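Numbering (full-length UniProt numbering), first residue to last: 1 to 271.
All residues carry an ideal CB built from backbone N, CA and C; glycine is no exception.
The model shown is predicted, which means the values in this text are computed figures rather than measured ones.
The structure is reproduced here in structure tokens:
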């Protein structure tokens, strides 16, 4: 678990997290090192006959091999941030890059392939298929990408990631035979199986007891530290945020603060 001090609250306190000055484009400055880049991202909706910005000019770069917590009160814009970052929703203006890929230039079919092949998702609702085994659920992104179910390499790849989450021995069980924490581990294995550029988590520990949440956060931390994955996790939990390298705080659709190596007490005070 990470621990450490806090930077000041407010955009002026950001280190490497605001757009560069002097007219340089944000992606030019950060893209070579960044797994995820947002440059001036705004997402507007019509509400009550007027336009409301759920995101308002958000710029951020997440380096490869980084664990980021995205925090904010209900309605702050953090869910819209995740949806636009992961290609689930298109910004009204601004650009999102996964690695060097500009999502704005992709067709809907291209976005579907990108989400399938280069992005991993972990949700509070696990979305495991009850009729499939643990191994088959883990391999599902590979099968959706066109791999043959009878290809031995598909099962072996699923078994490798199940081994990394401690569930290789449960590969042929049904999800219903697992505890809630074990099912969340299957969801993590499924997110890892394609070796994604970025893993997005939407409150992945929100429905778990503290001990099980610790197990899940340990796996995500290991995915970053041992495998070099990049994890972006929306959470309301200061303890969960303390496992990350950095926490950003969103309010009224804007990034208003950041903490390096956050600890639970400082996160709670900042929120």
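Minimum C-alpha distance to residue i - residue among the options
{"i": "residue 220", "options": "201, 51, 42, 41", "result": "201"}
{"i": "residue 41", "options": "81, 120, 153", "result": "81"}
{"i": "residue 180", "options": "196, 163, 215", "result": "215"}
{"i": "residue 125", "options": "236, 225, 259, 203", "result": "203"}
{"i": "residue 178", "options": "152, 137, 258, 72", "result": "137"}
{"i": "residue 257", "options": "59, 52, 185, 44", "result": "59"}
{"i": "residue 162", "options": "145, 153, 176, 134", "result": "134"}
{"i": "residue 175", "options": "130, 78, 46", "result": "130"}
{"i": "residue 38", "options": "74, 90, 50, 71", "result": "90"}
{"i": "residue 236", "options": "205, 217, 224, 261", "result": "205"}
First and last residue of the uninterrupted beta strand (DSSP E) at residue i
{"i": "residue 127", "result": "That residue, residue 127, is in no beta strand (DSSP E); it is neither H nor E in DSSP."}
{"i": "residue 41", "result": "34-47"}
Secondary structure of residue i, DSSP reduced to three states
{"i": "residue 257", "result": "strand"}
{"i": "residue 265", "result": "helix"}
{"i": "residue 143", "result": "helix"}
{"i": "residue 271", "result": "coil"}
{"i": "residue 50", "result": "strand"}
Test item: CB-CB of residue i and residue j under 9 Å
{"i": "residue 34", "j": "residue 63", "result": "yes"}
{"i": "residue 112", "j": "residue 102", "result": "no"}
{"i": "residue 99", "j": "residue 118", "result": "yes"}
{"i": "residue 171", "j": "residue 191", "result": "no"}
{"i": "residue 144", "j": "residue 154", "result": "no"}
{"i": "residue 54", "j": "residue 253", "result": "yes"}
Span of the alpha helix (DSSP H) around residue i
{"i": "residue 163", "result": "152-164"}
Cutoff 9 Å: residue i Cβ touching any chain B Cβ
{"i": "residue 128", "result": "Of the chains in the structure shown, none is chain B; there is only one protein chain."}
### Query
Can you list the alpha helix (DSSP H) stretches of 4 or more residues lying completely in the region 52-138, in chain order?
78-85, 108-118
### Query
Which whole runs of the beta strand (DSSP E) in the region 202-253 are 3 residues long or more, in chain order?
231-234, 246-251
### Task
Jot down the residue ranges of each uninterrupted alpha helix (DSSP H) in the region 167-203, minimum 4 residues, whole runs only, in chain order.
180-192
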